[in-house]
Amino acid sequence: MNIDSIQNGVVIDHITAGRGMRLYELLDLGSLDASVAIIKNVVSRKMGKKDIIKIDAAIPLNLDVIGYVDPGATVNLIRDGKLVEKRSIPMPERLIGVIRCKNPRCITSTEQELEQVFKLTDREKKIYRCVYCETKA
Ligand code: ZN
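Count along the sequence shown from 1, then add 21; that gives the number in our numbering.
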């Protein structure tokens, strides 16, 4: 893939340098059949350094994951080689089925079919807590 020109796909830009891999993992991009490029430590006038992820496929992404990992990131949708939509992703109020509760006594450890739900409890400090046991994510 020519990483500069995507015909139909998604470019996640303005990722805080170093968070690209974490996004890659939580978005489960490794399981995609499409070409995916992570470009690390790109020099940016605004940010100093940033990471960029390019996905050469028009797939739906879990935007909550992006807002959770890196609320400053922008998502650019490319269609027929043109930028058709650019949006920044706010921190989601709730994070469902993305991360697991670390508390071994949490009800989600024993009741495996329960959905993992975390709630944003402090927007400034970016703290998410398990809705069942209030353990910090
Ligand atoms: Zn919990």
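Where is the CB? At the ideal position from N, CA and C, for every residue including glycine.
Checklist entry - Ordered along the chain, which non-local residues of its own chain (more than five positions away) have a Cβ less than 7 Å from that of residue 47? => result Numbered from its first residue, the sequence shown carries residue 47 at position 26. Here the set comprises 86, 90 and 119.
Item to check | Beta carbon of residue 116 nearer than 9 Å to that of residue 74 | outcome: Counted from its first residue, the sequence shown places residue 116 at position 95. Counted from its first residue, the sequence shown places residue 74 at position 53. Cβ distance not < 9 Å, so residue 116 and residue 74 don't count as in contact.
Checklist entry - CA-CA distance, residue 141 and residue 109? => result Position 120 of the sequence shown, counting from 1, holds the residue named residue 141. Position 88 of the sequence shown, counting from 1, holds the residue named residue 109. Distance between the alpha carbons of residue 141 and residue 109 is about 18 Å.
Checklist entry - Of all the options 62, 52, 129 and 99, which has the alpha carbon lying nearest to the alpha carbon of residue 156? => result What you label residue 156 is simply residue 135 of the sequence shown in a count that begins at 1. It is 129.
Next on the checklist: Alpha carbons only, please: which of 125, 105 and 82 is nearest the one belonging to residue 166?
Outcome noted: This structure gives no information on residue 166, because the portion of the chain shown stretches from 22 to 158.
Item to check | Distance CB(residue 80)-CB(residue 72) smaller than 9 Å | outcome: In the sequence shown, residue 80 corresponds to position 59, counting from 1. In the sequence shown, residue 72 corresponds to position 51, counting from 1. Not closer than 9 Å, so no.
Checklist entry - Quick one: what does DSSP say residue 39 is sitting in, helix, strand or coil? => result Here residue 39 refers to the residue found at position 18 when the sequence shown is read from its first residue. Residue 39 falls in the coil class under three-state DSSP.
Next on the checklist: Taking 6 Å as the limit, name every residue whose beta carbon sits nearer than that to some heavy atom of the ligand ZN, in sequence order.
Outcome noted: With the cut-off at 6 Å, the residues found are 122, 124, 127, 129, 151, 153, 154 and 156.
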